[in-house]
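Heads up: the sequence shown begins at 1 in the numbering used here, then just goes up one per residue.
Note that CB positions come from ideal geometry on N, CA and C, so glycine has one too.
Just so we're clear, the structure is a prediction, and the values are computed from it rather than from any experiment.
Please read the structure below before turning to the comments.
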Amino acid sequence: MFKRIVTVFLSVMLFAAGAGVLTSPNVSAAGSLRIIVNGQELQLGGGASAYTDGTDIMLPLRETAQALKYKVTFSGATGTFLLERFQESVQFRLSGKELVLDGKNKVPFTGGFELKQKKAYAPLSFFAAIGLVTSYNPETDQVDVYAPEVMAGAVAGLLVTGNYPALKERYYAKDPEPAVLPVLQQSWEGMNTPAGSYLGVKSTTSTQQDGVMMIVSVLSFTKAEAVLTLELGASGKLTKLTLTPVQAANEVLASPAQP
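This is the structure:
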């Protein structure tokens, strides 16, 4: 298991991270793979393109990593790649059998990198292994890669705007429980009313274990804070969402209404 903590600048409600801005429209089946990184389609040039290799989906390593705000460096002397973002780092060799996260955590990885026309390609499983949210829709030939904090912001934004059907369609696993929409609405409205206006995501922590990812974010309101917890399965889709008041929110809920 490994854990990532990302502190983000407080976004204003009108940031609309989840109101649709950070999610791509539906696409029809196409002959080539589309890569959606943090909700935006990755525009590739210089001969780079995503492709399938057996059961693997291969993405151009440098272009995809840079779109995720990683600084990418390569040491030809040691054959080592280094990806750096915020307080995170990922170090590995294309022919190696492990990833070194944050300079200390060693994660076994045998997914297999490839070199084509002097470009390095990484399987989709690599991006999942370094703590990102990944999914692939074979019906549309679309690959999605999200940083945990961006996904949390997008989900919160859809809750803010009351766009529960879009939240279910874009982020939930296929055919969730029929009652999921009323529960989401009741949970959000029960929190939002006493806690005040929603301001944004304050911080995000993500953990992975046994194919399950947990994304825990602190949401700020004008009068309180709350914890948004997202649980995702191996498919990269939501299986559970909970919204819990922290102590400040409990005090607001317990205090009598001011005249």
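- Contact check between the stretch 135–147 and the stretch 54–70: three or more CB pairs, one atom from each, fall below 8 Å, which counts as touching.
- Cβ-Cβ distances below 6 Å link S95 to nothing in the same chain once the five nearest sequence neighbours on each side are left out.
- For the 8 Å CB-CB criterion, L99 and F109 form a contact.
- Between S135 and V37, the alpha-carbon positions lie close to 11 Å from each other.
- Boundaries around L83 are those of the beta strand (DSSP E), 80–85, since no alpha helix (DSSP H) includes it.
- When rounded, the separation of the alpha-carbon atoms in G112 and Q87 is 26 Å.
- Judged by DSSP in its simplified three-state form, T207 adopts strand.
- Here Y70 carries a coil assignment [DSSP, helix/strand/coil].
- Here L243 is near A226, since their CB atoms are less than 8 Å apart.
- The stretch 229–243 and the stretch 205–218 touch, with no fewer than 3 CB-CB distances between them shorter than 8 Å.
- Contact fails between the stretch 58–65 and the stretch 168–175, because fewer than three Cβ pairs, one in each stretch, are under 8 Å apart.
- For F127, the enclosing alpha helix (DSSP H) covers residues 124–129.
- The C-beta of G153 has 16 or more other C-beta atoms within 10 Å across all chains shown, which makes the residue buried.
- Distance from the CA atom of A224 to the CA atom of G103, rounded to whole angstroms, is 36 Å.
- With a threshold of 16 other beta carbon atoms within 10 Å, F221 meets it and is buried.
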